[in-house]
Structure formats: structure tokens, C-alpha cells
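Quick notes on the structure that follows.
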Amino acid sequence: MEQDILNLINGALVPAQGGGWLDNVEPATGATYSRIARSGPEDVEAAVSAARKAFPEWRAWSPADRRAVLMKLADKVAENAAMLAEAESKDNGKPVSVAAAVDIPRAEHNLRFYASAAEQFSSESHTMGDGTVNYTLRKPLGVVGCISPWNLPLYLFTWKIAPALASGNCVVAKPSEVTPMTAYLLGSWAKEAGLPDGVLNILHGLGPEVGQAMVEHHYVRAISFTGGTATGAAISALAAPKFKKLSLELGGKNATVVFDDCDFDEAVSTAVRAAFSNQGQICLCGSRILVQEGLYDRFRDAMVAKVSKLRIGDPMDPATKMGAVVSRGHRDKVLAAIDTARGEGGRILCGGGRHQPGEPRLKGGYFVQPTLIEGLDHRCVTNREEIFGPVATLQPFKDEQEALGLVNATKYGLSASVWTQDLKRAHRFAAGIDTGMVWLNCWLVRDLRTPFGGTRHSGVGREGGYNSMKFFTEPQNVCVKL
Ligand code: NDP
Numbered sequence: 000m001e002q003d004i005l006n007l008i009n010g011a012l013v014p015a016q017g018g019g020w021l022d023n024v025e026p027a028t029g030a031t032y033s034r035i036a037r038s039g040p041e042d043v044e045a046a047v048s049a050a051r052k053a054f055p056e057w058r059a060w061s062p063a064d065r066r067a068v069l070m071k072l073a074d075k076v077a078e079n080a081a082m083l084a085e086a087e088s089k090d091n092g093k094p095v096s097v098a099a100a101v102d103i104p105r106a107e108h109n110l111r112f113y114a115s116a117a118e119q120f121s122s123e124s125h126t127m128g129d130g131t132v133n134y135t136l137r138k139p140l141g142v143v144g145c146i147s148p149w150n151l152p153l154y155l156f157t158w159k160i161a162p163a164l165a166s167g168n169c170v171v172a173k174p175s176e177v178t179p180m181t182a183y184l185l186g187s188w189a190k191e192a193g194l195p196d197g198v199l200n201i202l203h204g205l206g207p208e209v210g211q212a213m214v215e216h217h218y219v220r221a222i223s224f225t226g227g228t229a230t231g232a233a234i235s236a237l238a239a240p241k242f243k244k245l246s247l248e249l250g251g252k253n254a255t256v257v258f259d260d261c262d263f264d265e266a267v268s269t270a271v272r273a274a275f276s277n278q279g280q281i282c283l284c285g286s287r288i289l290v291q292e293g294l295y296d297r298f299r300d301a302m303v304a305k306v307s308k309l310r311i312g313d314p315m316d317p318a319t320k321m322g323a324v325v326s327r328g329h330r331d332k333v334l335a336a337i338d339t340a341r342g343e344g345g346r347i348l349c350g351g352g353r354h355q356p357g358e359p360r361l362k363g364g365y366f367v368q369p370t371l372i373e374g375l376d377h378r379c380v381t382n383r384e385e386i387f388g389p390v391a392t393l394q395p396f397k398d399e400q401e402a403l404g405l406v407n408a409t410k411y412g413l414s415a416s417v418w419t420q421d422l423k424r425a426h427r428f429a430a431g432i433d434t435g436m437v438w439l440n441c442w443l444v445r446d447l448r449t450p451f452g453g454t455r456h457s458g459v460g461r462e463g464g465y466n467s468m469k470f471f472t473e474p475q476n477v478c479v480k481l
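When the sequence shown is numbered by our numbering, its final residue is 481 and no position is left out of the sequence of numbers.
Structure (C-alpha cells):
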């Protein structure tokens, strides 16, 4: 074993009190390479109690001091960027080039962005014209829980803990048990960065064991959760009767909509990127590609040609474009979804099964071919349910009205990407889409100040910029008669 992944509780790296461990598997090889503390309610109790003890001091720190500590934590990420990228790639199966270009720089950016937000966050005042003034305090909540998924491990972990800490809360955080390594490494630098003991606590283990105990804990005032829709529903059912604040960023079944006047080359290459980046395991991936009928055949053929050339293999090879999916269970789920598509009458245009790289080291790895499917309408399971893997469908549409109906034909409402050179149509169409985010002639371009989140089964609430700072604080209005 290379390394034990320990909990961070009250500034100390400790095993789970119950003494249990879970295997940590490298998806590219299928081999266990470290073990993870299997925490339970007793560890949640210890972490919450440390966080409660640390809260009065931490909330009294000046915004400038909180900013300085978060900046130091960001410096640690920057200094260790290459090592973190390798660790993320090994833990998750994603190409190291992607971890180095996207995941780790973004984790650093999240920390710096919210470090600055600590100093820039402000609240409102309302004057009534008769000498009465209202001002609104924004108070940190106390102990908050942050639960993040495996697809963008450090990226989404920092996206939650940074605003929670910047706004003066103490945090109990749980990364996915499938990809815990980089959160563990980050936690190991917390003390050196100057975070007082107990301000940031990180627990490892299974969602239904440790995650659920966090949600249920009386003193955890808010839960910021990113993950699957079914898990989000289970968390809501537990948290709602306890009146906890909830931010839920859930699944998606996003459409890429291509009108016949699009910039063809850019639309094709972005549609490929949107469908298959991170092995299709991004909540924002465009897994339903809708193409206007006059352009359909040409667009489909160009996509198939591009996808067939995607280099799939060893995540540690800098030339690799697609690595392994995250686990054996997830690979089987994705393969089952492809079988369902076949059963529904879908035509596999490319891919359609497991990929077996030549290197002996990768023999037990979880590789799936990038797969494009056509011939299925919007009512089938394949076009309704999230697959969260390297699988996308193509559907033709006649006109704007039909396209809009197809875009909105799922229970999800996370994002959409629309391709047209007609500006009037672009804005009209965007306004008609029932999702939290729309990209016009681009995909996954992110300004961290903008509201991030989805409608309907894609979640409740928005993250990003002041949205996150507001989520992690409670407004209190004070009315003064002067
Ligand atoms: P899960 O819902 O399985 O898990 C997410 C996190 O919740 C993990 O840390 C998990 O722990 C934990 N968890 C699981 N069960 C419980 C429970 N009962 N109580 C508390 N916590 C629990 O999602 P995945 O990790 O599989 O992530 C993939 C999903 O995330 C996809 O649906 C994807 O669309 C969505 N996602 C949404 C994003 C968005 O911003 N809208 C962004 C990225 C992903 P453990 O892993 O240890 O079980």
C-alpha cells in the first residue's frame, strides 16, 4: 500500500475510530493502491465537536485574515500542482493532461477567488426616508457540511469549502470515497497554511454511512451537496424536516443544439468535447446532440470521424485524450446503458463497448469506447436518463419549435449549448430553455461570479460568486429609528 487516507479532525490526521478501512482502486489498472478510513457517526461527532469549538474564534477573524489563509492554501496547491495532477489522474482515471490543465488550476482558482470574496462580500441597507435605516448583517451559519462527487474531485471539493470558510463557517467535508486522495492531500496542508484546528475537518468513507450522519447531525446547519439526483432526494428527505439550508447540484441530460447556420467546424469539435471530456463524466456534458435536419448527415459523419480518432488509453500518457471511467461499477452501468440503447433500437455509430488498451499494466482497467448512437427518439430511456459516461445520442430536428420541445423533454434542467449564427434566434431560443445555464456558440466557459446550478431534477439553489457566500450566511435585518 502506498498511503493511508486519513481523516482530518481538529487539525490532526487520524484513522476512523471504528478502525475500518476501504480499498482505494486505480481505475486505469483495477488495482488497489491505498486504503481509506471508513468513517462513521462517531467520527462525524468528533469532527462536528471540533468545528463547534473552533467557530467562535474563526468567525471573529477579520475578512483580510481569512483571505490570507485561503491564499496560502491556494499557494500550496500551486506549489504541488504537478503532484496533485498525477494523484488526481491515478485516483480518478482521467488523463493527467486534463487534471493538469483543468482540475488542479481550477482548484487553486476556487481558493483564490473565494479568498478575495471574503474581503469583497457586502450586504444591503435600506433607508426609509423618515430617519429609519435597515441594515442587513450576513452571519456565518456555524458548522456546515460539504459533500462532493468523484468526477472533478479537488475542483468541486474546493468549490464548496472555499466559500464556506471565506464566509466564516467551520466545515465538515466529505469527498467521494471513490476519489479521496487530493482532498486528503489538501487537508494535510491546512495547518501549515494557518487554518486553526477544527476550522476544516475532512471525513472519508461511504455516503450512506458518514455522509448521511453529517446530514442528520443536529449541529450541521447547512449541506452543500453535489452528486446524483437520487442521492440529492435522499438528502433532502433527511434535511428538510430539520430545516437545514440545502444547496443541491445534481445530474443533467444536457442538449447540444446545432442549427444549420452554425460555424460547422467549431460546432463539431465542441460537440465532441462537450460529449466526451472527462470520459463524459461532467454534469454539464452534452449527451443529447440535436442537429437541424438539413445538416444532420454531414454533422453526424464529421462527429463520427472525430470521435473515432480520440486517443483512449493510459491516463498517465500526456497524449491520451480519454482515460478510464471511475470504477468497475460505473463501467458496468455505462455498458448496461449502451445495451439498453441497442434494445431500444439505437444504431451504434462508433464505439459501443469496452476498450482494451495494449499495455499489460492496463489489463484490468475500466475503459469504455466513446460511443455515438442515433435512431432513438426523445421518449426512450437512453434520451431521458443520465448515463454520465462516454455515450451520446444524435437526433435530427426540423425547426426551432421542435428543437425547443426536445431540449426541454427531460426531467433535468442543468445546461444547454446552442449553435447558430443568427443572434436573434440564439437569444430567443436561450430564453425558452428550461435550464439553469445556457451557452451560446460555446460550452463550459466559466466565470466564477455567475450563478451555477440547475432547475427541476438538476437541483435547488445556485452556487458561484455571491450566491455561495449568501448560501453560507444567514441574513439578519436590523432596523434603526434614528
Ligand atoms: P453520488 O450522489 O453517488 O455521490 C455524491 C456524494 O454524496 C459522494 O461524496 C457520496 O459518497 C455522497 N453520498 C452518497 N450517498 C449519500 C447519502 N445517503 N448521504 C450523504 N451523502 C451521500 O454521486 P457521484 O459521486 O456518483 O457523482 C456523479 C453525479 O454527480 C452525477 O449524477 C452528476 O451529474 C452529478 N454532478 C452534478 C454536478 C452539478 O454541479 N450539478 C457536478 C458534478 C457531478 P460516496 O461516493 O462515498 O458514496
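Think of the CB as a built atom: it goes at the ideal place given N, C-alpha and C, for glycine as much as any other residue.
Open item on the list: Suppose the cutoff is 6 Å on Cβ atoms and the five residues either side in sequence are ignored; what does the same chain contact list for V380 look like?
Closed with: As a position in the sequence shown, residue 380 is number 381, starting the count at 1. T339, listed in sequence order.
Open item on the list: Using 9 Å as the threshold, is the C-beta distance between I288 and Q394 below it?
Closed with: Within the sequence shown, numbered from 1, the residue matching residue 288 stands at position 289. Within the sequence shown, numbered from 1, the residue matching residue 394 stands at position 395. Closer than 9 Å, so yes.
Task: Nearest to G345 (by Cα), restricted to the options M180, A53, T370 - done: If you number the sequence shown from 1, residue 345 lands on position 346. If we check each option's Cα against that of G345, T370 comes out closest.
Open item on the list: Taking DSSP's pairing of strands, which residues face T392 in a bridge?
Closed with: Here residue 392 refers to the residue found at position 393 of the sequence shown. For T392, which the question treats as bridged, DSSP gives the partners R287, I372.
TODO: Compute the distance between the beta-carbons of A161 and A114, then report whether it is under 9 Å.
DONE: Here the question's residue 161 lines up with position 162 in the sequence shown. Here the question's residue 114 lines up with position 115 in the sequence shown. It is a contact, given that the beta carbons lie within the stated cut-off.
Open item on the list: Rounded to whole angstroms, what is the Cα-Cα separation between V256 and R378?
Closed with: Walking along the sequence shown from the start, residue 256 turns up at place 257. Walking along the sequence shown from the start, residue 378 turns up at place 379. Distance between the alpha carbons of V256 and R378 is about 18 Å.
Open item on the list: Distance check for Q475 and F451, CA to CA, integer angstroms please.
Closed with: The residue given as residue 451 occupies position 452 in the sequence shown. The residue given as residue 475 occupies position 476 in the sequence shown. Cα-Cα distance, rounded: 25 Å.
TODO: Under 8 Å by Cβ, that's how I've got A415 and A254 pegged, so tell me the actual separation to the nearest angstrom.
DONE: On the sequence shown, position 416 is the one that residue 415 refers to. On the sequence shown, position 255 is the one that residue 254 refers to. About 5 Å; that satisfies the 8 Å criterion.
Task: Range covered by the beta strand (DSSP E) that runs through Q475 - done: Counted from its first residue, the sequence shown places residue 475 at position 476. For Q475, the enclosing beta strand (DSSP E) covers residues 472-480.
- [ ] On a CA-only basis, which of F298, F156, A189 is nearest M70? Give me that one, please.
- [x] Within the sequence shown, numbered from 1, the residue matching residue 70 stands at position 71. The candidate whose alpha carbon is nearest that of M70 is A189.
Open item on the list: Tell me the rounded alpha-carbon separation between P14 and A36.
Closed with: Walking along the sequence shown from the start, residue 14 turns up at place 15. Walking along the sequence shown from the start, residue 36 turns up at place 37. Taking the straight line from one Cα to the other gives about 6 Å.
Task: Inside the region 405-455 only - alpha helix (DSSP H) runs reaching at least 4 residues - done: 422-431
Open item on the list: Using the three-state DSSP reduction, which class does K173 fall into: helix, strand or coil?
Closed with: Residue 173 sits at position 174 when you count from the first residue of the sequence shown. The answer is strand: DSSP assigns K173 an E or B state.
Open item on the list: Are the CB atoms of V95 and Y314 within a distance shorter than 9 Å?
Closed with: Residue mapping note: residue 314 aligns to position 315 of the sequence shown, counting from 1. Residue mapping note: residue 95 aligns to position 96 of the sequence shown, counting from 1. First, the amino acid is wrong: residue 314 is Pro here, not Tyr. The answer is yes: Cβ separation under 9 Å.
TODO: Assign M0 to one of three DSSP states: helix, strand, or coil.
DONE: Numbered from 1 along the sequence shown, position 1 holds the residue referred to as residue 0. Below a pLDDT of 50, predicted positions are generally treated as unreliable, and M0, at 47, falls in that range; the measurement from the model is reported next regardless. The answer is coil: DSSP assigns M0 none of H, G, I, E or B.
- [ ] Compare the C-alpha of F428 against each of I8, V68, L405 and name the closest.
- [x] Position 429 of the sequence shown holds residue 428. Comparing Cα-Cα distances from F428 to each of I8, V68, L405, the minimum goes to L405.
Open item on the list: If contacts are defined as beta-carbon pairs under 8 Å, then D363 and G29 qualify, I think. What distance do you get, rounded to the angstrom?
Closed with: For the purposes of this step, residue 363 is taken as the residue at position 364 of the sequence shown. For the purposes of this step, residue 29 is taken as the residue at position 30 of the sequence shown. Reading off the sequence shown, one finds Gly at residue 363, where the question assumed Asp. G363 to G29, Cβ: 3 Å. Contact.
Task: Nearest to V477 (by Cα), restricted to the options A163, D264, G193, M127 - done: Here residue 477 corresponds to residue number 478 of the sequence shown, with the count starting at 1. V477 has its Cα closest to that of M127, out of A163, D264, G193, M127.
Task: Pairwise C-alpha distance: D64 and G322 - done: The residue labelled residue 322 in the question sits at position 323 within the sequence shown. The residue labelled residue 64 in the question sits at position 65 within the sequence shown. When the Cα atoms are used, G322 and D64 turn out to be separated by approximately 41 Å.
Task: Beta-carbon gap between G458 and S124 smaller than 9 Å - done: Within the sequence shown, numbered from 1, the residue matching residue 458 stands at position 459. Within the sequence shown, numbered from 1, the residue matching residue 124 stands at position 125. No; because the gap between Cβ atoms is not below 9 Å, this pair is not in contact.
Open item on the list: Just list the residues that DSSP pairs C145 with in beta bridges.
Closed with: Numbered from its first residue, the sequence shown carries residue 145 at position 146. According to DSSP, which records beta bridges pairwise, C145 is partnered with A172, S223.
Open item on the list: Checking the sheet assignment: what are the DSSP bridge partners for A254?
Closed with: Position 255 of the sequence shown, counting from 1, holds the residue named residue 254. In the DSSP output, where bridge partners are listed per residue, A254 has R287, A415.
Task: Cβ neighbour criterion (16 or more within 10 Å) applied to M0 - done: What you label residue 0 is simply residue 1 of the sequence shown in a count that begins at 1. No answer about M0 holds up, because its pLDDT of 47 lies below 50 and its placement is not dependable.
Task: Backbone CA spacing between E25 and L5 [nearest angstrom] - done: Along the sequence shown, read from residue 1 onward, the residue named residue 25 stands at position 26. Along the sequence shown, read from residue 1 onward, the residue named residue 5 stands at position 6. Pairing E25 with L5, the inter-Cα distance amounts to about 18 Å.
Task: Span separating the alpha-carbon of G351 from that of I337 - done: Here the question's residue 351 lines up with position 352 in the sequence shown. Here the question's residue 337 lines up with position 338 in the sequence shown. Here the alpha carbon of G351 sits roughly 6 Å from the alpha carbon of I337.
Open item on the list: Cutting at 6 Å between CB atoms, please list the residues of its own chain near R383, excluding the five before and the five after it.
Closed with: On the sequence shown, position 384 is the one that residue 383 refers to. Cβ within range, chain order: T409.
TODO: Report the option in G279, D264, T157, F258 whose CA atom is closest to the CA atom of T225.
DONE: Working through the sequence shown from its first residue, we reach residue 225 at position 226. Closest by alpha carbon: T157.
- [ ] Look at I432 and V417 and say whether their C-beta atoms are less than 9 Å apart.
- [x] Indexing the sequence shown from 1 puts residue 432 at position 433. Indexing the sequence shown from 1 puts residue 417 at position 418. In contact: I432 and V417 (Cβ atoms closer than 9 Å).
Open item on the list: Nearer than 8 Å: is that true of the beta carbon of I146 relative to any heavy atom of the ligand NDP?
Closed with: As a first step, residue 146 is located in the sequence shown; it is residue number 147 there, counting from the start. Checking the 8 Å criterion, the Cβ of I146 is within range of a heavy atom belonging to the ligand NDP.
- [ ] Counting only the same chain and skipping the five closest in sequence on each side, list residues whose C-beta sits under 7 Å from that of G10.
- [x] For the purposes of this step, residue 10 is taken as the residue at position 11 of the sequence shown. Excluding residues within five positions, the ones whose Cβ falls inside 7 Å are K190, D196, G197.
- [ ] Would you list the one or two residues that DSSP bridges to A36?
- [x] Residue 36 sits at position 37 when you count from the first residue of the sequence shown. In DSSP, A36 forms a bridge with W20.
Task: For G285 and C112, the rounded distance between their alpha carbons - done: For the purposes of this step, residue 112 is taken as residue 113 along the sequence shown, with counting starting at 1. For the purposes of this step, residue 285 is taken as residue 286 along the sequence shown, with counting starting at 1. Sequence check: residue 112 is Phe here, not Cys. Taking the straight line joining both Cα atoms gives about 27 Å.
Open item on the list: For V267 and F242, which I take to be in contact (beta-carbon distance under 8 Å), what is that distance rounded to the nearest angstrom?
Closed with: As a working note, residue 267 is residue 268 in the sequence shown. As a working note, residue 242 is residue 243 in the sequence shown. With 8 Å as the limit, V267 and F242 do not qualify as a contact, their Cβ atoms being about 49 Å apart.
- [ ] Drop a sphere of 10 angstroms on the beta-carbon of A116, count the other beta-carbons inside from all chains shown, and report buried for 16 or more, exposed for fewer.
- [x] Here the question's residue 116 lines up with position 117 in the sequence shown. Buried is the call here.
- [ ] Taking the CB atoms as reference points, tell me whether A99 and A81 lie closer together than 9 Å.
- [x] For the purposes of this step, residue 99 is taken as the residue at position 100 of the sequence shown. For the purposes of this step, residue 81 is taken as the residue at position 82 of the sequence shown. Their beta carbons are under 9 Å apart, which means A99 touches A81 by this criterion.
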